[in-house]
Amino acid sequence: KKRYQRRVRRMESLSLERVIVGSVASDTLEERPVVDLDSKVVQAPKILGDLVEAVIGAVYLDSGEDMAVVWRVIEPWFAKFYAAYRDNPPQNPRDLVNLAFPRCKKEVFDLPGNQYKVCARLTVGGEIEEGRATPTYEFVTTGRDRETAMDVCFGRAWTFYKQFLVGR
């Protein structure tokens, strides 16, 4: 029992950031997790989600299936996310981009030479306003499925819009 309590205390002292950084050290730069609490876009390798699920499952089993212990261990890992989402509920970047650019062009296609990834392309702008065409911006990304790839494109487009186009 004492050995179990020591393990729980060690798990409580882990930070999610340390787990994330340690788990993606060998990934390519493009596959590293992107966490942007402002736009609520989170992109991470699937193995990272599997790792977090496995750790939570191990704590659950080691605690004798006690959810109170599991919550005590994992709550500090996600506290920043809970606070950010509670204080500023996320809005869907897809809806926001569609409102800002009603004629945006969406395209999803299989990544040539890789049957496990797809590419998504989102083109915004190029509309006629006050007798002149607005600039066109294109966002391209890859993902493990069509929905994920397109969601990342919308997230990047919304972040770009807020940083560079609002107030022009």
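For what it's worth, this note's numbering labels the leading residue of the sequence shown as 9, then goes sequentially.
Think of the CB as a built atom: it goes at the ideal place given N, C-alpha and C, for glycine as much as any other residue.
- In this structure, residue 132 keeps its C-beta atom at 8 Å or more from the C-beta atom of residue 151.
- Within the DSSP secondary-structure output, residue 115 pairs in a beta bridge with 129.
- In the structure shown, the three-state DSSP call for residue 174 is coil.
- DSSP, reduced to helix, strand and coil, places residue 140 within a strand of the structure shown.
- Of 172, 65, 130 and 142, the smallest CA-CA separation from residue 155 is found for 130.
- For the options 162, 68 and 97, the alpha carbon positioned closest to that of residue 128 is the one of 162.
- In this structure, 147 is the residue among 147, 153 and 157 with its C-alpha nearest to the C-alpha of residue 166.
- The residues 68, in chain order, have a CB closer than 8 Å to that of residue 75 in the same chain once the five nearest residues on each side in sequence are set aside.
- Just measuring C-alpha positions, the residue of 108, 136, 59 and 83 sitting nearest residue 170 is 108.
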